[in-house]
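With our numbering as the guide, the letters of the sequence shown map in order to residues 11 to 916.
Below: one structure, written as structure tokens.
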Amino acid sequence: MLPKAYDPKAVEDGIYAMWEQSGAFKADTASKKEPFTISMPPPNATGQLHLGHAVMLALEDIFIRFARMQGKEALWVPGTDHAAIATESVVIKKIQQEEKIPDPRAKLGREELIRRIADFVGKSQDTIRSQIRKMGASCDWSRERYTFDPALNRCVNEVFVKMYKDGLIYRGHRIVNWDPKMQTTVADDEIEYVEETVPFYTFQYGPFQISTARPETKFGDKYVVVHPDDKRYKQYKDGEQFECEWIGGKIKATIIKDKVIDMEFGTGCMTITPWHDPVDFDLAERHKLDKEQIIDFEGKLLPIAGEFAGMSIEEARPKIVEKLKEKGLFVKIEENYVHRVAVSYRGKGKIEPQIKEQWFIDVNKPVVPWKKKNMSLKEVMQDVIRSKEIEIIPDRFEKVYFHWIDNLRDWCISRQIWWGHRVPVYYCKKCTEIVNGKEVPMRLLYIGSEPFEVHEACGSPVTQDPDTLDTWFSSGLWTWSTLIDPALTEDYSLDLPDLLKKSPDYQKFHPTTVMETGYDILFFWVARMILMTTYATGQIPFKKVYLHGLIRTRDGAKMSKSHPETCIDPLEIIPKYGADALRLSMIVGQSPGNDSRLFEEKIGGYRNFVNKLWNASRFVLIQCEEAGLQPNEKLKIENEKLSLADKALLSALQDLITDVTEGLETYRLSEVGERLYSFVWDYFCDWYLELSKGEANPQVLIHALRTMLQLLHPYCPFVTEELWKSVAPRGATLLIKGVWPQADDSPKNQGAFDQLQVVIDVITALRSIRAEQGVDQGKKIEAIIHTKEHVKVLESQRGHIERMGRLEKLTIDAKSAKHKNAASVFLKGVEVHIPLEGMIDMKAEKQKLTKEQENLRGFLAGVEKKLSNEQFIANAAAEVVAKEKQKLADAQEKLRKVEERLKLLS
Ligand SMILES: [Zn+2]
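Here it is, written out as structure tokens:
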């Protein structure tokens, strides 16, 4: 017999170990079954599992368990991400704090720093693995991958070289987001903007007045730009030159006319700094103007700044303003000018735009063979969504996706950090070549097992490009690089198509079935997987994209570790409530793409559900024991022995199986969760078990319980597997490996279901009248039921109605009559009346109601007065007024009910 209470902490780890040992997680490449594949979004190998991971794991585990039970060859590939910049910055900070080394890169050198980061990652990976297990994730650990595995590095190099040869990867000078703190380039979508209040200066620049918040960039300015339509500057011609006094002495300046200028802003003219501003850079490109670097990569001023060279921006700014004042070029200062400053999303350093030589992926060059055409990467990305080869759930994100692609610029893939896949390009120290009309060291591509140190043709040593690749370059290959046979990647005679062709896992399991991830990384990652995978393999990476929303606090705020009172840590919750309760609380009520709220009572509510299921199972087992039925027996359900409730339940189970199966197949997980919850609690426990008291059919009970456990297994795998031990048919496998129930396992009997529903409605009506009229719990009452259509059914269930309605007398007939002094409920085709005389103390009840009526009227008058006060309405916040209006409506409704009852009693 089952223990009285369910203790998840005592059983969960054991069950997980049992699943793992049974081989249930392991997919079979040789099987003929239809594949179903998920690539787990690899958590950053930097730390701890948080709720975002927990929801991802719960969703994907539901997909994969459902597919496995449906008889598909289900593969869920787990892994971790080296997360280049995120990891390097964490480790650098750690070394700075713990070892008091201010610049670990300079002090330790490349090799040692990489070794330290790898060490740190190794430890975090162990933590992450154990946390994934805690959630119950049934992933295939034998296929675990890491974005920095040598086999994945091989794939990265192959794709880089292929793109380079196809002319899709190029090196060029472009303005980039430079993070002087982290000493690296940061992608456009890895920066965030913060508002900053700074002084805004206006200076005299020849005949012009220019305004700026950044005087320190103005040293090299020799172009002044005005709008061609600006009447104030009509007398100047485009290209006209003038001499003027400036920070470091006399300069020759040129007037440029360009429509990019906002005439309304300031004086309508500005000087430009192409090296340190993306808009100025574009303008300089258009007009073929010189570009000069003013600030170095450490954020210090260069020699062009004269006596200010070597100073930081903060130090130099007031001194430069002072000098301009001395020279009489200062016009005015406005304090409190608010402007937006770009900050690195990771390192939080202020971004300094810089021109730098970087590696780029050309997204517009039409050289990708796709559907018998040559398309650009951008076009392929659009095509796969437009043609519905890839479906995004929810589909409103398609619009967002297309908008993002329309604005996509060439992708800067090089980073100046050390932790990452290094660019597989080498330079000969002697030979040169001409690229874009410029002589540069000869570029050599190399992928191989031997170190590449000497350019064979000339005998000169080579150096490898110091840059590493953007982390999304490697995670863009995640769905397929994880399926390449690692042994093959050591054979350098194979090319990329060979690796794909000869890898059985890739052949069997790619494209993957569904990619599940947060909507916040649709572009960071999902779009880049589409770009990289279609190009490298000619296949889409996945057929469906399921985007989950963010989990917020009870008040809708973002969960943050700095607010521990509202921030939920899955690893603290699981021992307290069980993984099943956590999973349910994150899935039910969360529709894809929408944010949802989570707080402890909600998780507690689902723990209650898990306990309800446990107690119901105990009840079923006790019934079996009493009836002498072995719960593991093969069932023989005999039709002639079925009660109305049995027939209705069996029919309801058939509908449940159909709904749950269809719901899961169409990824409506919240809806299915609600359906199961309500079936188990409201139908099976509250009605069926009550109705079967005294005449339980153990065969039906076991059948229903087994079916519910099977259907619930993907959502709450631990408790269902534990209960399955007690009711599994002899010889059956573990539930995780079990078969999905079929609708025709249960006979359909809509008539019986509808008839029982009439009985349920009648009992519900009796109960609600009792509650409303304040009839004492223990008191037995009389009821009169008039019905034309349902006399026979209700008669046949008379015992149940009397017992559950607590009746001492029940009349059922086909009449229809008015009843004085009775409370009535009118159902479809059934009238339920309860005479109140003698049931309650009419006089006392009347007094009580009259008093309540007076109170409510008084209260209403107060609220009405408040709401008719114009001053109150004008001054109160909208939500305060709304609250008052709600109060008014609630009280009116209450008063209406009280008056109705008073009428009844008179
Ligand atoms: Zn050479």
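Even for Gly, the Cβ is constructed at its ideal location relative to N, Cα and C.
Out of curiosity, what's the CA-to-CA distance linking residue i and residue j?
i: E500; j: D272; result: 58 Å
i: C438; j: P476; result: 14 Å
i: E5; j: I400; result: The question about residue 5 has no answer, for the chain in this structure spans 11 to 916.
i: I811; j: V842; result: 12 Å
i: V196; j: N625; result: 55 Å
i: K381; j: C165; result: 24 Å
i: T212; j: S424; result: 38 Å
i: G62; j: L560; result: 7 Å
i: K133; j: L592; result: 26 Å
i: K228; j: W256; result: 9 Å
i: P288; j: I185; result: 6 Å
i: K830; j: G599; result: 45 Å
i: A37; j: M391; result: 30 Å
i: E174; j: I494; result: At residue 174 the sequence reads Tyr, which differs from the Glu that was named. Roughly 22 Å separates the two Cα atoms.
i: E909; j: G868; result: 15 Å
i: Q193; j: D669; result: 55 Å
i: G215; j: K366; result: It is Tyr, not Gly, that sits at residue 215 in the sequence shown. When rounded, the distance between both Cα atoms is 29 Å.
i: R419; j: E389; result: 13 Å
i: V445; j: Y436; result: 15 Å
i: F35; j: K553; result: 22 Å
i: P190; j: F307; result: 6 Å
i: Q251; j: T277; result: 19 Å
i: V7; j: H286; result: Since the first and last residues shown for the chain are 11 and 916, residue 7 lies out of range.
i: D515; j: T97; result: 30 Å
i: P53; j: I531; result: 13 Å
How would you label residue i, buried or exposed, when you count the other beta carbons within 10 angstroms and need 16 or more for buried?
i: K747; result: exposed
i: Q364; result: buried
i: E226; result: buried
i: H573; result: exposed
i: M11; result: exposed
i: G784; result: exposed
i: L645; result: exposed
i: P580; result: buried
i: Y502; result: exposed
i: R242; result: exposed
Look at the Cβ atom of residue i, then the Cβ atom of residue j, and state whether they are nearer than 8 Å.
i: G230; j: I304; result: yes
i: I25; j: F609; result: no
i: R678; j: R607; result: no
i: M410; j: I201; result: Checking the displayed sequence, the identity of residue 410 turns out to be Val instead of Met. No, they are not a contact pair.
i: I282; j: A294; result: yes
i: L299; j: Y233; result: yes
i: S484; j: L162; result: yes
i: W482; j: I361; result: no
i: R813; j: K790; result: no
i: E818; j: E792; result: yes
i: I74; j: S140; result: no
i: A64; j: M596; result: yes
i: Q709; j: L639; result: yes
i: V690; j: L623; result: yes
i: S919; j: G357; result: For residue 919 there is no data in the structure shown, the boundaries of the chain being 11 and 916.
i: K895; j: L915; result: no
i: E70; j: K43; result: no
Assuming the contact rule is C-beta atoms closer than 8 Å, residue i and residue j should be a hit. Round their C-beta distance to whole Å, please.
i: S756; j: H796; result: Going by Cβ atoms, the distance from S756 to H796 rounds to 34 Å, so no, they are not a contact pair.
i: K370; j: W414; result: First, the residue type needs correcting, since residue 370 is Phe and not Lys in the sequence shown. Not confirmed; about 18 Å, so no contact.
i: K172; j: A546; result: 7 Å
i: L67; j: M145; result: 4 Å
i: Y156; j: T90; result: 5 Å
i: V204; j: I402; result: Not a contact, Cβ separation roughly 31 Å.
i: T489; j: T522; result: 5 Å
i: P51; j: T527; result: 5 Å
i: I632; j: H713; result: No, I632 and H713 are not in contact; Cβ-Cβ is about 17 Å, not under 8 Å.
i: Q807; j: V769; result: 5 Å
Determine whether the Cβ of residue i lies closer than 8 Å to any Cβ atom of chain B.
i: P238; result: This model lacks chain B altogether, as it is built from one protein chain only.
Does at least one heavy atom of ligand 3 sit under 7 Å from the Cβ of residue i?
i: D136; result: Looking for ligand 3 in the displayed structure turns up nothing; the ligands present are ligand 1.
For ligand 1, residues whose Cβ lies under 5 Å from any non-hydrogen atom: In chain order, the qualifying residues are C438, K440, C441, H465, C468 and S470.
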